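Note sheet for the following structure.
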Amino acid sequence: MTVFGIDPVADQLDEVLTALDEGRLPAERRQVDFKEEAGRRGRGGEILPGEDQSDAAATALAPEVACMANTPGGGALILGVADDGTVIGTALNEDWLQVRLYQLLQQAYTTLIYEAMLRGQRVLVVRCPPAVEPIRWKNRITWRVGDQCQDIDSASWHERRAFSWGFDWSAQSSGVAVDRAQPVAIQIARDFLEAAGDARSEELAQAPQVDLLRRLGAVHDDGTFTNAGALLFVGRATPALDYMRRPAAGADTQERVNIEGRSLLEELAAVFTAARSYNPEIHLMKGLVIGRTRAVPERALREAIVNGLAHREWIDTRPTTVEHIGRTVRVTSPGGFFGGVRPENIINHPPVSRNKDLSQLLATLRIAERQGVGVDRMFGDMIRAGHPIPVIDEVDGVMVRTVLAAERADEGWIRWLGDITPDIRSDLRALMALHRLCQKRWTDPEDLAPVLQLTVEEARQTVQQLAVLELAGERVCHEIEGLPVQAPRPGVALNAEAYGGLVELRQESGAVVSEPSREEIAVDYAQQKGRISTTELGSILGVHPTNLGRVLRSLESQGLLTPSRSNRRGAGFFYHWAG
12 MTVFGIDPVA DQLDEVLTAL DEGRLPAERR QVDFKEEAGR RGRGGEILPG EDQSDAAATA
72 LAPEVACMAN TPGGGALILG VADDGTVIGT ALNEDWLQVR LYQLLQQAYT TLIYEAMLRG
132 QRVLVVRCPP AVEPIRWKNR ITWRVGDQCQ DIDSASWHER RAFSWGFDWS AQSSGVAVDR
192 AQPVAIQIAR DFLEAAGDAR SEELAQAPQV DLLRRLGAVH DDGTFTNAGA LLFVGRATPA
252 LDYMRRPAAG ADTQERVNIE GRSLLEELAA VFTAARSYNP EIHLMKGLVI GRTRAVPERA
312 LREAIVNGLA HREWIDTRPT TVEHIGRTVR VTSPGGFFGG VRPENIINHP PVSRNKDLSQ
372 LLATLRIAER QGVGVDRMFG DMIRAGHPIP VIDEVDGVMV RTVLAAERAD EGWIRWLGDI
432 TPDIRSDLRA LMALHRLCQK RWTDPEDLAP VLQLTVEEAR QTVQQLAVLE LAGERVCHEI
492 EGLPVQAPRP GVALNAEAYG GLVELRQESG AVVSEPSREE IAVDYAQQKG RISTTELGSI
552 LGVHPTNLGR VLRSLESQGL LTPSRSNRRG AGFFYHWAG
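My numbering puts the first residue of the sequence shown at 12, with every later residue one more than the last.
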């Protein structure tokens, strides 16, 4: 499974597999072990038929995986071989086992599993990359010492892990000579640098080839390519990218880019070209000026693709897939999230990458944004263009998927946003907060905190930014009236005039406007805040409170609200959420 270069685990694994296939019992090794599938022996020791799913087998394997994961450099397990070297095989489905191990290990660790054949029997190889944080099994941390798993406390593990913390696969020597660089890849690198438009990149683009590669950081101290450099300028045997274009879901494929034996730069350039050809320009009227943009914001599209390469697990030989369906782009890359990154913190998490050298090389070539900026730009570009916020999630702990949905640009939003003062379009937090406010008609620090992936106090500062925004000389929002003393402040609502202007612009652009009803807004507010009054609802909607009693009584009759007083009268009367 080695891409190229030095991979001690792969080398040991090949030696062990060869020995087992030849009927020899291999010597004990720290990073490679073989295991018989649990539950495959009868009372008399006879081999029982295997199944494609066995929770007992997965549960028995999980602590062994955790132990390998905690071992410096990781390791591999061969499933389907007895302690004496007898190959009994396994029928377990590798995809099911990968997901089940992820679940058993508290969704904190992802393996790579593939088939191998030994003496006519199917076995599974479970590759265990080194863990970033200790993987516990039944509240114990173990790692390999010699050929055995031994307990280690968290402090000692972190202390010893620190010695290898700087390890970066992409920065290691590939053993690939720099004169094997593909001439086309060198020219593509120069083209990317020239297109960047800054003096430093243009000067670097003109450098002699060897100087160019060294200044990019693609050459190791031993004079050969780093793994990152070899990927970009030489490539691997199997495609790193698989681009598929379909005009609509379920339609036939219009174009596919799946290139073997090419450098990653050649693959990237081909995918960028194909994606751009199916990403039409749209024209936006602003007064007497017609602006142009791409259906899917081009920078966001490129960033999604590059992220799917920079942060993926390269031990896995599967390609990063790019599905371009209509005006939606879905990028799926091997390997789960890394280094504590999760969907709920991806915007503000400190920069972390499996492949720091590769990420830096892509940034130096100006193909990607520098670490810590790309996701912000992706989110901002999509929101500014009137599209839903990007979705970045983990698929069963074994893949990361990014979805950019751009079926129709919200032209009314784009025009409305352009008239807001001060201009917040380059301020991601304020932009996301205003986007949220226009969706819900109200927001406050507690509501915004998870959306912005901030603390409540940090979100409070962003709400205060909203409070000073103006449209045509009038404030965009106002503080919600009738809030109880303990409510988080400031709670703000979108002014009726500002909201009406947004709806009008959307209608003018031909969009089908679906406005939330009074009942829907009331339910949303009451469910989130635990209470609601006619004063609060009236302040959110911009209407007199006396006109809203019927709305709340209707929700009471549906069992969603209960009155704070049985007589339903008097100052301070409100409804509790009971849904």
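Every residue gets a Cβ at the ideal spot worked out from N, C-alpha and C, and that includes glycine.
As the structure is a prediction and not an experimental result, all values here were calculated from the model.
Beta-bridge analysis with DSSP links I124 to V137. In the three-state scheme derived from DSSP, where H, G and I count as helix and E and B as strand, P433 is classed as coil. About 6 Å separates the beta carbon of R412 from that of D404, a gap short enough to meet the 8 Å contact definition.
A direct Cα-Cα distance of roughly 28 Å separates E355 from E526. One thing to note: T122 has its Cβ no nearer than 8 Å to the Cβ of Q114.
Taken in chain order, the whole beta strand (DSSP E) runs of length 3 or more contained in the stretch 528 to 562 number zero. Take V195, set aside five residues on each side of it, and the residues of its chain with a beta-carbon closer than 6 Å to its own are E277, in chain order. The beta-carbon distance between S550 and F584, rounded to whole angstroms, is 15 Å. This is too long to meet the 8 Å contact definition. Annotation: L72 to G53 spans about 19 Å, alpha carbon to alpha carbon. Assignment of I146 by DSSP, reduced to helix, strand and coil, places it in the coil class.
With contacts defined as CB atoms closer than 8 Å, D32 and R138 fail to qualify as a contacting pair. Non-local C-beta neighbours of A306 in its own chain, meaning closer than 6 Å and more than five positions away in sequence, comprise N290, P291, I293, R338 and A417, ordered along the chain.
By the Cβ rule, the stretch 426 to 437 does not count as touching the stretch 359 to 373, because fewer than three pairs are nearer than 8 Å. The continuous stretches of alpha helix (DSSP H) do not include I89, which lies in the beta strand (DSSP E) extending over residues G86 to L90. Going by C-alpha positions, A77 is about 8 Å away from I152. W107 carries a helical assignment under DSSP once its states are collapsed to helix, strand and coil. The stretch 144 to 158 makes no contact with the stretch 201 to 211; the number of CB pairs closer than 8 Å stays below 3. One alpha carbon belongs to R579, the other to R353, and they sit about 45 Å apart. Listed in chain order, the non-local C-beta contacts of H231 below 6 Å within the same chain comprise S184 and T237, local neighbours out to five positions each way being set aside. Assignment of beta-bridge partners to F584 by DSSP yields no partner. Positions of the alpha helix (DSSP H) runs, each at least 4 residues long and wholly inside the stretch 462 to 508, are given as 467 to 477 in order along the chain. With at least 16 other beta carbons inside 10 angstroms of its own, V340 counts as buried. Annotated three-state conformation of V317 is helix, per DSSP.
Annotated as proximal: V487 and A509, with beta-carbon spacing under 8 Å. Here R576 has F584 as same chain residues with Cβ atoms under 7 Å from its own Cβ, once five neighbours each way along the sequence are excluded. When only Cα atoms are considered, M255 and P495 end up about 54 Å apart.
Taking A470 as reference, the option from Q42, E492, L59 and L445 with the minimal CA-CA separation is L445. I403 is bridged by DSSP to T413. Here S65 has E48, A49, G50 and L103 as same chain residues with Cβ atoms under 8 Å from its own Cβ, once five neighbours each way along the sequence are excluded.
Between G91 and V20, the C-beta gap is not smaller than 8 Å, which leaves the two residues out of contact. When A379, M410 and P401 are compared, the shortest CA-CA separation from F349 is found for M410.
Assigned with DSSP and collapsed to three states, W424 falls in helix. Non-local beta-carbon contacts of L320 in its own chain, meaning distances under 6 Å to residues more than five positions away in sequence, involve T331 in chain order. The beta-carbon distance between S568 and E530, rounded to whole angstroms, is 12 Å. This is too long to meet the 8 Å contact definition. Residue range L275 to S288 is occupied by the alpha helix (DSSP H) that includes A281. Buried is the label assigned to T375, since at least 16 other Cβ atoms lie within 10 Å of its Cβ.
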